[in-house]
């Protein structure tokens, strides 16, 4: 309650709380009075309702708003499988591939190399969300078919981004793991649609979103029926200009303490520059990430998107070797290359 | 070029630029060499291509990436009409109404009051993008029908948010102005869909998007065929906690210098608290905004969403009077109430 | 308390609170228990103490940490006078002058023009905080003497920045209003030193600081004995790149609601570009600022610092005319030029 | 140049550049003209000068503004020694101790434990920069003497923060490494003063400063004569609320690529919560940091400052063991405990 509130104000707020079906707990101090209200249902309506009552200074929510995604809803870790990969177990799972699907020859050049280096899934965008309408927008369905062919060729499950509710079914036919990109983290129509799909979902944090909002977006997917959600930190926007985004490495231990869902990291989009990708990858694994999604291109100077942040295959292979040592140093495992 | 590059590196970059069909301009200094490349086409591909060449330190783009939205593409201001309202002219146009459409009686209580106070459009959300899947999600089509009825009753054109490509046609049947919310500013599938629609579009800036990205999203809509785009600043995310978002008031003069499109301001979502809405509204008009979109509710303590930031009708009416004086102080006009 | 805490934990926390001399208020709900502690002394020590007790999930502070600066400590507004200017009254007070003191002829050219346009104080930096050690660092004591001479010549009180505790006395000999710059907002040794000085202080918000921290820094000065503090919003750092800083216009109404101290705005450093200074100045006055501090230079292209954001005198004069209309539109006053 | 500039504008800018003693390089394109100016001296003056010329759209600086701190000024890494510790070599050096010096018994309890765990320096604040004037401000000189005694007792060199130019000499008498805190990163008077001191300096990044500004502040110290500067990333301010600050882990590889100075990380202030400190520490070492500065307290619940983020000695000791494995995984070393 505001300083200088009257006893009548307190009675009136307490009465209103009772009328809504909750029990008010009044604590009076020399300078302030606090009225506790315990209950989790209709919390948003209650917040707005209480803020507008006479004499109320501030309404503070204590309970966390996510449920299905929270640690408290489940004992142990969720583990999510696709192909031979299991996210959320002892193994650190690496997804690798080019930013965009450009051609069959491109995929055929890259996929066997990342598989040999130890990657467990292949990535490649068929629908590309581009800031400019004049940039390359992806091959669309043709790209999806190429990805299917690559799975057949290599045995690696594939992941690709889905941009709109209408294409979810089509993408789910071809992809093993559906990616929701940073710009769509709060595209609620899309979240609900993938929530009705049987494919596991890789949900990227928006560049402008809090960890609580990321968990609420996971909650949308889970509340729609699909509990197979993998969270991905990929950098947030700050004032710093040397990196494209600021990788929020703290997100790894914080998310692991809040949720049972697997947490992976995308070092490539955060860095925006291949020179920093290896250091960020090592940091992510050391911090406890369950996996990484890394951009690899055999000819980055010819890439149609994000060439500057792509690793060449040989560099990726050397990184995988480093990561194996780090995983082992913290008691985890990583598949060896072949 | 990087310090310590060789002449061969310079020749090789210049050669690569020539091969792509551009003319390289080489300037050699004591410490650095700069190679200028002039041309606007394929700039994104070129960036990536050049960044990967040996000896290149940095690729800096000089030209702005938006075209149709830029001042240079059009003489004078775009003016966009709906009903009696004209955005982008001498008049400052006020849109007002509740955050969400809740019921017929609610709309019938609020709409005549905001009209009497001088508002030229009515607002109300039928589809609500909510962070939590457990919050009120809006009345959907029923809400759209109520909005249509209110237009008939008051003569005010209505604006409401459209959340997904599938519902664009339905929303366009009922609404005079289609609103793209902050969370969908980079939902490119949605932008392209409203770009094919004949209704004017109110495009809100994402809470962590740059002004350049806002203009690129306008460019998506315009490049799809719809040039009737109104831009809206509604606050960005920063570290400050007393306001819900930080209203970026500089966006008004900056956008007016970069684009011919009308620019309005949403003071309600930025403030998150009705106590600050009046000051922000006055600031926006004084800074040169072409209009405002303000939340008004007759019973904010019962609002199903954003009650805390809604003005009561009498307060809104007093604000309108203040705004008229400000508009007049800077040589603009505002409709008088009735 | 954490979910799953034991009754013993609750008793133990409540006991610890009692031992510290406070009364615990325990509210038990189905999912959580909340223990209220009322009291304002030793709050920081208590926070740390409680956070470390077994079973405690979170410690939330309800009372605001500033006292002398808070609205609750004083009825009405503080008004702070220097020369003919009164900050915090009905009049909107304008401070104007160059970023840096460069020469006697420069000051003699600018000062009479800003006085004629209606400015009530003259500004100019003698000690310049520069990001680079290789940039012009100001004329130092020589600059202070020039400022004193300008006061004699024009009758305008002068304000200039003080950078370190050692120079406070010297600056206070020459300046009527001591400016603490954004980079020194949390230079606590400096705050304490000006707190022992009799000159009023113009305290700028740090580019990285919250409004609460700004008020805590004012509290440092006030707690040291000097209650004459004027607060200044000058833009915060965000991801947006078209403006040098993002002017947080909401700071004006928020600070006016939290404190009795006068609040002014610096539109020049926020904009970083003279083209946007007029719009931001109008916005600040419309939002309720008690004054402005504006950079004016007669030859901005020759300025030794911040030339790009300086208004030419004729442009400043036109702006003053606009501001007078805005001030009048909101029931305030501004001195007319001569 | 702006679109639509005249040939006369180009000639006039080129002429002005020549007059300043530089050679202009003019590149004309269909839409724009670019005028290159090569040279590093007087760059800030030139920027301002050019921005104000008729027809100029934008002035972009290409060369980095730091010199002594840059990789280009020195072959190999700087290594900075104090006691047995060498920052910038193969070893990862750990600094540990309490946030604040509270008492002799406190230091005597903690110091032997962190030494035994493998820490090479002891930390503890004697002068504490506190947001509130009512918080514990440190023991001052008494604290410095206690630190000296601890060095004698354990043989560990000590580091402590210096807050103002006047106390630099006193602090340098007692401390082996002078710490400049985040809030003083741009306290230029202080930087110049420690620049004249013979002690190595630990320079923390400000919570809203760019990496370039951090390097410019190092440049201040180096340009004043002291080249022994260790840089420290400690988290920046963003919108995320679960962590106290967002640790910018990318700062490690970016700084290592820009400068020859050693780079360490403070995981404790970034996390604000001891539960996340271990993960951030591992990430920092994996990313390539040359060391860490970690808060350790034997009774965190009684700490007078920052108890929530302090590790208990046994936890610190376990962390050191983990870090040794990570250091070894990336080919570095860490002293074993005793």
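Residue numbers (the numbering used here), protein chains in the order written: chain W, 56 to 393; chain P, 56 to 393; chain G, 56 to 393; chain Y, 56 to 393. The beta-carbon is built from N, C-alpha and C at its ideal position, and this holds for glycine as well.
- Listed in chain order, the beta strand (DSSP E) runs fully inside the segment 168 to 216 of chain Y are 176 to 178, 213 to 216, counting runs of at least 3 residues.
- For residue 115(P), the number of other beta carbons within 10 angstroms of its own is below 16, and it is reported as exposed.
- Exclusion of the five residues before and after residue 81(W) leaves 65, 69, 88, 90 as the residues of its chain whose Cβ lies within less than 7 Å of its Cβ.
- A Cβ-Cβ contact shorter than 8 Å links residue 292(Y) with residue 262(Y).
- With respect to the 8 Å criterion, residue 124(W) and residue 273(W) are classified as neighbours on the basis of their beta carbons.
- For residue 221(W), the closest alpha carbon among the candidates 252(W), 325(W), 203(W), 207(W) is that of 252(W).
- Chain-order list of chain G residues neighbouring residue 260(W): empty, with the shortest C-beta distance near 16 Å, by a criterion of under 8 Å.
- Think of a sphere of 8 Å around the beta carbon of residue 271(W): the chain P residues whose beta carbon falls inside it are 186, 187, 188, in chain order.
- The continuous stretches of alpha helix (DSSP H) do not include residue 388(Y), and DSSP gives it neither H nor E.
- Counting only runs that start and end inside the segment 102 to 152 of chain W, the beta strand (DSSP E) elements of at least 3 residues fall at 135 to 137, 140 to 142, 148 to 152.
- Neighbourhood of residue 91(Y) in chain P, by CB distance below 9 Å: 80, 82, 84, 89, 91, in chain order.
- Under DSSP, residue 82(G) takes part in a beta bridge, and its partners are 89(G).
- For residue 259(W), the enclosing beta strand (DSSP E) has its first and last residue at 256 to 259.
- As a beta-bridge residue in DSSP terms, residue 232(P) pairs with 214(P).
- Taking the Cα of residue 211(P) as reference, the smallest distance to any Cα among 152(P), 355(P), 375(P) is reached at 152(P).
- Secondary structure at residue 350(P): strand, using DSSP grouped into helix, strand and coil.
- Distance check between residue 303(W) and each of 104(W), 136(W), 288(W) places 288(W) closest, using alpha-carbon atoms only.
- DSSP, read as helix, strand or coil, puts residue 381(G) in helix.
- Distance from the CA of residue 358(Y) to the CA of residue 76(G), rounded to the nearest whole angstrom, comes to 18 Å.
- A residue is called buried once 16 or more other Cβ atoms fall within 10 Å of its Cβ, and residue 159(P), having fewer, is exposed.
- Remark: C-beta atoms of residue 241(G) and residue 188(Y) do not approach each other more closely than 8 Å.
- Excluding its 5 nearest sequence neighbours in each direction, residue 393(P) has C-beta neighbours in its own chain below 7 Å: 171, listed in chain order.
- In terms of CA proximity to residue 367(P), 351(P) leads the group 306(P), 308(P), 351(P).
- Apart from the 5 residues on each side of it in sequence, residue 137(Y) sits with its Cβ closer than 8 Å to the Cβ of 176, 212, 231, 232, 255 in its chain, given in chain order.
- Within the DSSP secondary-structure output, residue 288(Y) pairs in a beta bridge with 320(Y).
- The three-state reading of DSSP puts residue 366(G) in strand, counting E and B together.
- Listed along chain P is no residue with a C-beta nearer than 8 Å to that of residue 317(G); the closest approach is about 16 Å.
- Among the residues of chain P, those whose CB is under 7 Å from the CB of residue 356(W) are 104, 107, 108, following chain order.
- Neighbours of residue 77(Y) in chain G, taken as residues whose beta carbon is under 7 Å from its own, are absent, since the nearest beta carbon is some 16 Å off.
- With fewer than 16 other Cβ atoms inside 10 Å of its own Cβ, residue 386(G) counts as exposed.
- Closer than 8 Å to the CB of residue 178(Y) there is not a single CB belonging to chain W.
- Distance from the Cα of residue 298(G) is smallest, within the candidate group 318(G), 182(G), 279(G), 325(G), for 325(G).
- Contacts between residue 370(G) and chain Y, judged by CB atoms closer than 9 Å, are missing: the closest CB pair is about 13 Å apart.
- Taking C-beta separations shorter than 7 Å and ignoring five residues to either side along the sequence, the partners of residue 71(W) in its chain run 108, following chain order.
- For residue 360(Y), the CB contacts under 8 Å within the same chain, skipping 5 residues up- and downstream, are 154, 155, 180, 183, 185, 190, 191 in chain order.
- Judged by DSSP secondary structure, residue 240(Y) falls outside any alpha helix (DSSP H); it is assigned neither H nor E.
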